[in-house]
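S.K.:
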Amino acid sequence: MHKFLDNRNVLGLLFMLPAAALLLMFLTYPLGLGLWLGFTDARIGRAGHWVGLENFESLLDDALARLSLFNTLFYTVVASVVKFMLGLWLAMLLNRSLPCKAFLRAVVLLPFIVPTALSAIAFWWIYDAQFSVVSWAFARMGVIDHYINFLGDPWMARMSVIIANVWRGVPFVAICLLAGLQTISPSLYEAASLDGATEWQKFRYVTLPMLTPIIAVVMTFSVLFTFTDFQLIYVLTRGGPLNATHLMATLSFQRAIPGGNLGEGAALAIAMVPFLLAAILFSYFGLQRRAWQQGGGDK
Amino acid sequence: MDYLESLPRRWVTLYLPLGGFLFVLLFPFYWMTMTSFKPDAELLSRDANPFWIQHPTIAHFEKLLFHTSYPEWMWNTIIVSVVATFVSLIASVFAAYAIERLRFRGSKSVGMAIFLAYLVPPSILFIPLAAIVVELGLFDTRWALMLTYPTFLIPFCTWLLMGYFRSIPYELEECALIDGATRWQILTKIILPLAVPGLISAGIFAFTLSWNEFIYALTFISSSEVKTVPVGVVTELVEGDVYHWGALMAGALLGSLPVAVLYSFFVEYYVAGLTGGVKE
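Quick mapping for you: the protein sequence lines, in order, are chains A and B.
Each residue of the first sequence is one higher than the one before, starting from 10 at the first, in my numbering.
Each residue of the second sequence is one higher than the one before, starting from -1 at the first, in my numbering.
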């Protein structure tokens, strides 16, 4: 028995057992089941029959599904770009010599810690059509003469949910990039200064290339979270007004759970996978640059 | 080379933008707090200065604590988060040790699979998971959440702990092996004590992730007494056309406090976990 347990393969499998059991049961199996459900007409409480590509065909014809794809892409691209730029800026600000740096860093991360559903409620109140504090402040300053309808107008609503998403995501991007900035050796900047590089050149030719691997990973995660975002939309708009903020995740929830149409909801969820894969591959190829940046050969 | 910079320039390029960031990032919390202590009359008045409270009241908290199921939601959230975190930590310690140190046949690909599992978002899993939860008879119970949360916690914790275990020198283990220690003794007496910071990081991270989880809790739970705080506040306090903003904000504030307080005690560990998970 003892000898048997010393065998690393046996012991390895034994140690993997709890994690593997949970993951196979509640992650791998549902992934496969989701794929299967996408090709059936399953409803809640009724096993489905194979219907082939019917769900996907009906989604292609479905104006709402197409709108949700557009909304998701728009939401993801705009929010990610803004998060990246603001996050990088904030990271560079925090990387300079500052009083109470540790405290500032801790405070900055707060929006990321707090449950999104709860901070979204705060945003809902800030965006209230009648009592919005933002409208109040602008009206007092004389910028606007009637209150802004943040969540009532399609484009206004899209922008409002993007702002809420950016608010939550910037701390994550900033703190991760800050960790990357801190690993860049100051001697590189000194060398650049001696060569007469301007601030912009230092940023462009030292900071950015050294940061690329981290940027790739951070932005992959950021894109993944944003593309599959659910709670922010669910709390703020439930997809409205006129479905202008329905994302694929919220639409698939609406079709599958309150609507009871598991098959169609699953098909919508599957339709998100190719986009996620594209984002992951994109980051993978971004990571390939790591070798030469650390003095290795170019692959 | 900050010392070369003149003070006015430093204000414009550093303090002003940083102040702007801080204002925007913290304003919703300030606003939450203000709203939750304001009487209704003040909330719905457009004339009074909304940034301050004229007559603070704790009526909203009273309502929340004594006239809604809020205390039950809080209790559910605590139980679910604590159990899910411990289950995930234990499973992850074994898994990470096996992958990183036992190096059994196929451990490389298992490590890769764990990383890929980390990338599977809950919003594409919740529909089939709902079917499974119903099938297992777990629908509308806390078990549904305690068993499904580890699916996004284990991959993260394992990945993080693998990094920590990697940083512990092999020689320590070899010495122990020569002295006749079993693998179990090595794990509990050498590796785990050295990996305490990693365990704290993973634990804090897992706890906040479970506390913040929304879509599973929304889908798998329907009775008020089993709901978690985020879902309870969103689904039960928002009823009809009249929003009780005071109570809503009080609920959001109380629900955010536990994670915020816990986070404030372990900031360094949390940041290490966050950036460690990204850097590897």
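Backbone N, C-alpha and C define an ideal beta-carbon position, used for all residues, glycine too.
Source: prediction; values computed, not measured.
Give the residues of chain B in contact with W152/A, contact being defined as C-beta atoms less than 8 Å apart.
M.R.: At residue 152/A the sequence reads Val, which differs from the Trp that was named. Ordered by position in chain B, no residue passes the 8 Å Cβ test against V152/A, which lies about 16 Å from the chain.
S.K.: Within the same chain, show all residues whose beta-carbon is closer than 8 Å to that of A190/A, passing over the 5 residues directly before and after it, in chain order.
M.R.: Going by the sequence as given, residue 190/A is Leu instead of Ala. Excluding sequence neighbours, L190/A sits near A100, M101, N104, T216 and L220.
S.K.: Do T31/B and L251/B have their CB atoms nearer than 8 Å?
M.R.: Contact: yes.
S.K.: Taking all protein chains shown into account, decide if C155/B is buried (16 or more other Cβ within 10 angstroms of its Cβ) or exposed.
M.R.: C155/B comes out buried.
S.K.: I need the boundaries of the alpha helix (DSSP H) containing E60/B, first residue and last residue.
M.R.: Run containing E60/B: A57 to H65, per the alpha helix (DSSP H) assignment.
S.K.: Check whether the stretch 230 to 239 of chain A and the stretch 179 to 195 of chain B touch, using three or more Cβ-Cβ pairs below 8 Å as the test.
M.R.: Segments in contact, no.
S.K.: Using the C-alpha atoms, what's the distance from D50/A back to A270/B?
M.R.: Taking the straight line joining both Cα atoms gives about 46 Å.
S.K.: Which residue wins for smallest C-alpha separation from L160/A, given the options I242/A, E273/A, A258/A and V152/A?
M.R.: Answer by Cα proximity: I242/A.
S.K.: Could you check which residue in L260/B, F264/B, G230/B and V265/B has the C-alpha nearest to that of A248/B?
M.R.: Per the Cα distances, G230/B.
S.K.: Classify G47/A as helix, strand or coil using the three-state DSSP reduction.
M.R.: Helix at G47/A.
S.K.: Say whether chain B places a C-beta atom closer than 8 Å to the C-beta of N174/A.
M.R.: No, its Cβ sits nowhere closer than 8 Å to a Cβ of chain B.
S.K.: Indicate the three-state DSSP secondary structure (helix, strand or coil) for R247/A in the structure shown.
M.R.: Of the three classes helix, strand and coil, the one that applies to R247/A here is coil, per DSSP.
S.K.: Counting only C-beta atoms, is V142/A closer than 8 Å to chain B at any point?
M.R.: It does; some Cβ of chain B falls within 8 Å.
S.K.: Just to confirm, are E98/B and F163/B a CB contact at a threshold of 8 Å?
M.R.: Closer than 8 Å, so yes.
S.K.: Under 9 Å between beta-carbons, which chain B residues line up against F132/A? List them in chain order, please.
M.R.: Neighbours of F132/A on chain B, chain order: P26.
S.K.: Select from W29/B, H53/B, Y28/B and P26/B the residue whose C-alpha is nearest the C-alpha of A39/B.
M.R.: Looking at the Cα atoms, H53/B is the closest of the given residues.
S.K.: Determine whether the Cβ of L246/B lies closer than 8 Å to any Cβ atom of chain A.
M.R.: With 8 Å as the cut-off, L246/B counts as an interface residue toward chain A.
S.K.: Ordered along the chain, which non-local residues of its own chain (more than five positions away) have a Cβ less than 7 Å from that of F115/B?
M.R.: Checking the displayed sequence, the identity of residue 115/B turns out to be Ala instead of Phe. For A115/B, where only same-chain residues beyond five positions count, the Cβ hits under 7 Å are P153.
S.K.: Is R103/B helix, strand or coil by DSSP?
M.R.: Residue state, collapsed to three classes: coil.
S.K.: Residues of chain B with CB under 9 Å from N18/A, in chain order?
M.R.: By Cβ distance, chain B contributes L100, F102, R103 and G104.
S.K.: Which residue wins for smallest C-alpha separation from T55/B, given the options L41/B, S67/B, D45/B and F263/B?
M.R.: It is L41/B whose Cα lies nearest to the Cα of T55/B.
S.K.: Could you run through the stretch 187 to 210 of chain B and flag, in chain order, every residue whose CB is less than 9 Å away from some CB of chain A?
M.R.: Correct list: T206, W209 and N210.
S.K.: Taking the straight line between their C-alpha atoms, what separation do you get for G274/A and W45/A?
M.R.: G274/A and W45/A: Cα-Cα distance of roughly 12 Å.
S.K.: I'd like to know whether the C-beta atoms of R17/A and R101/B end up nearer to each other than 8 Å.
M.R.: The answer is yes: Cβ separation under 8 Å.
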